[in-house]
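Asks:
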Amino acid sequence: MTVYLKNATFIDWETLEFKEGHMAVCTIQGNRPEFISKVPDPKDLDSQDTIVDCHNKLVTKSFVCGHHHIYSTLARGMPAPVKNPENFVEVLKYVWWNLDKNLDLEMIRASALAAALYCAKNGVTFVIDHHASPFAVRGSLNLIKESFDAVGISHLLCYEISDRDGETSRDEGLQETETYLQDNKQGLVGLHASFTVSEETLGKAVKLAKEYNSGIHIHVAEDRADQTDCERKYNKRVIQRLADAGALDLPKTILGHCIHLNDQEAELLKNSPAWVVENVESNLNNNVGLADYGRYGNNIMLGTDGMHNDMLRSAKSAFIVGQTTEGIDFIGAYQRFRAAHRYLSDNGFQGDDNNNLVILEYDSPTEITKNNFLGHFLFGLESAHITDVISNGKLIVKNKSLQTLPEEETLSFAREMGKRLWEKL
Ligand SMILES: [Zn+2]
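First residue of the sequence shown? That's 696 in this note's numbering, and the numbers climb one at a time after it.
Dropping the structure here:
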């Protein structure tokens, strides 16, 4: 199957070189999009082939979300919690843990399909998700996998193992993770956060990650309460606790947030192969503080923390906030936005090859070139400019319309499941 891009302006995401011409993109993994001298006549095309007219459009590599929670998709507009949360732990208790405990498998399917649909339309062709549904654990990862596959979004999934809902739920989380990894599906071993994970659970999770050559995906010091709890129970700080358990030795490990780390922890992180994922909009929304990510070395990527599905928005926020917190510059923000590609390729994960592209109709009032691309990236380019998206060589969004599933049906299913969920809250 080949997608021909006619009259494309291609921007190399690594060098920012601009190149104009016709391109051929195919579904074979490892094949770079090729520049060709002539686009075939439509009548000579194979039935699976397509031509996209890219006149006046920009083509570049599509995007990765480094930390998502598809389980929160049906939260938009939901009823207010029974108590107005006064701190972060109460936000979890009254909002998110109430929501995730009420999810059933059909609601999870609806959440995953809708999230994948929005990701596709926003040019996000790879999602790293962190899932929780304590009373619908078994089969949840496979369901999310099937939903993402149906839309055409590549993924790296995990289930959020925790002791917060008792031993049975914890064991189901471990079992769900192992079943998923056993089937040779790429995945991680998810943990909620240090303050809801016992020593026994942490040990079992790291053992599982090592056994399946995987990594840990956990929230770290998102709020100060995580550190206070760790110091009280274990007489050490969270990063030290994870290091002692062996979680930081794994290059696939992802640590979400890392807001409240001291210098010693920053140093430990810097010298480890583990990755940190930054989600500043979520941090501002939860009023938990902000971090200087520059202290943690180069393995920093961006996510949405389930707030939305728009990585161009996350990049802009990281830039705006990062100027105050760490003096980040244009290229620093862009590199952080693109760092997830390195996380995926260095760790041998499938689904983020060069045949993942986004096509934008960018009506700029000023010239765009290699030299000023970053200014356009941070102040001009938005997801609303995206017209077409190619995932693993397949055209999944064409003229702003999802090609793999009927949009209206997918969203009306989500609304139906959302209503059912809200009634249970
Ligand atoms: Zn999160």
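Backbone N, C-alpha and C fix where the C-beta goes; we use that ideal spot for every residue, glycine too.
From the DSSP output, read off the bridge partner residues of isoleucine 995.
Replies: Looking at the DSSP assignment, isoleucine 995 forms a beta bridge with Val971.
Asks: In whole angstroms, what is the alpha-carbon distance linking isoleucine 913 and threonine 872?
Replies: Roughly 14 angstroms separates the two Cα atoms.
Asks: Using C-beta distances below 7 angstroms, list every residue in its chain close to serine 1059, excluding the 5 sequence neighbours before and after it, in chain order.
Replies: Taken in chain order, the residues that qualify are His1071, Gly1075.
Asks: Out of Gly941, Tyr929, Glu976, which has the shortest C-alpha to C-alpha gap to histidine 952?
Replies: The shortest C-alpha separation from histidine 952 is found at Glu976.
Asks: Just the Cα atoms here: how many angstroms apart are valine 972 and methionine 773?
Replies: Taking the straight line from one Cα to the other gives about 27 angstroms.
Asks: Quick test of your reading: leucine 1120 and leucine 794, contact by CB under 8 angstroms. State the CB separation rounded to the nearest angstrom.
Replies: Right, the Cβ-Cβ distance comes to about 7 angstroms (below 8 angstroms), so this counts as a contact.
Asks: Is DSSP giving aspartate 736 helix, strand or coil here?
Replies: Aspartate 736: coil per DSSP, three-state reduction.
Asks: At a cut-off of 6 angstroms, would you count aspartate 921 as near ligand 1, judging by its Cβ distance to the nearest heavy atom?
Replies: False, no ligand heavy atom lies under 6 angstroms from that Cβ.
Asks: Hey, would you say the C-beta of glycine 951 is under 6 angstroms away from at least one heavy atom of ligand 1?
Replies: Yes - ligand 1 has a heavy atom lying nearer than 6 angstroms to the Cβ of glycine 951.
Asks: Considering Cα atoms alone, identify which of Gly910, Leu1097, Gly1027, Glu1104 is closest to valine 819.
Replies: Checked all of Gly910, Leu1097, Gly1027, Glu1104; the closest Cα to valine 819 is Leu1097.
Asks: Just curious, the beta strand (DSSP E) that glycine 951 is in, first and last residue?
Replies: Where glycine 951 is concerned, the enclosing beta strand (DSSP E) stretches over 949-952.
Asks: From tryptophan 792 to cysteine 749, what distance separates their C-alpha atoms?
Replies: Going from the Cα of tryptophan 792 to the Cα of cysteine 749 covers about 45 angstroms.
Asks: Contact check, leucine 838 vs alanine 807 under 8 angstroms by CB: the rounded distance?
Replies: Contact holds; Cβ gap of about 7 angstroms.
Asks: Drop a sphere of 10 angstroms on the beta-carbon of valine 892, count the other beta-carbons inside from all chains shown, and report buried for 16 or more, exposed for fewer.
Replies: Label assigned to valine 892: buried.
Asks: Using a Cβ-Cβ cut-off of 7 angstroms (strictly less than) and excluding sequence neighbours within five positions of arginine 936, which residues of its own chain qualify?
Replies: Here the set comprises Ser889, Cys925, Tyr929.
Asks: Cα-Cα, which of Leu897, Ala1010, Ser864 is closest to alanine 1034?
Replies: When only C-alpha atoms are compared, the closest one is Ala1010.
Asks: Would you give the residue range spanned by the alpha helix (DSSP H) that tyrosine 929 belongs to?
Replies: Per DSSP, tyrosine 929 belongs to the alpha helix (DSSP H) from 919-929.
Asks: Roughly how many angstroms separate the alpha carbons of leucine 1100 and asparagine 1051, rounded to a whole number?
Replies: The alpha-carbon atoms of leucine 1100 and asparagine 1051 are separated by roughly 19 angstroms.
Asks: Would the beta-carbon of aspartate 918 be found less than 6 angstroms away from any heavy atom of ligand 1?
Replies: Checking every heavy atom of ligand 1 against the Cβ of aspartate 918, none is found closer than 6 angstroms.
Asks: Taking Cβ positions, are histidine 717 and aspartate 1000 nearer each other than 7 angstroms?
Replies: Against a cut-off of 7 angstroms, the Cβ pair of aspartate 1000 and histidine 717 comes out as no contact.
Asks: Taking 6 angstroms as the cut-off, does the CB of aspartate 748 come closer than this to any heavy atom belonging to ligand 1?
Replies: Aspartate 748 Cβ: outside cutoff for every heavy atom of ligand 1.
Asks: Please look up how many angstroms separate the CB atoms of glutamate 1077 and leucine 1007, rounded, as I've assumed it's under 8 angstroms.
Replies: At roughly 6 angstroms, the Cβ-Cβ gap stays under 8 angstroms, so glutamate 1077 and leucine 1007 are in contact.
Asks: Give the DSSP bridge partners of alanine 719, in chain order.
Replies: Answer is Tyr699, Glu729, bridged to alanine 719.
Asks: Given that a residue counts as buried once 16 or more other Cβ atoms are within 10 Å of its Cβ, and exposed if not, what is serine 1086?
Replies: Label assigned to serine 1086: buried.
Asks: Could you check whether the Cβ of aspartate 1041 sits closer than 6 angstroms to any heavy atom belonging to ligand 1?
Replies: No; taking the cut-off as 6 angstroms, the Cβ of aspartate 1041 has no heavy atom of ligand 1 nearer than that.
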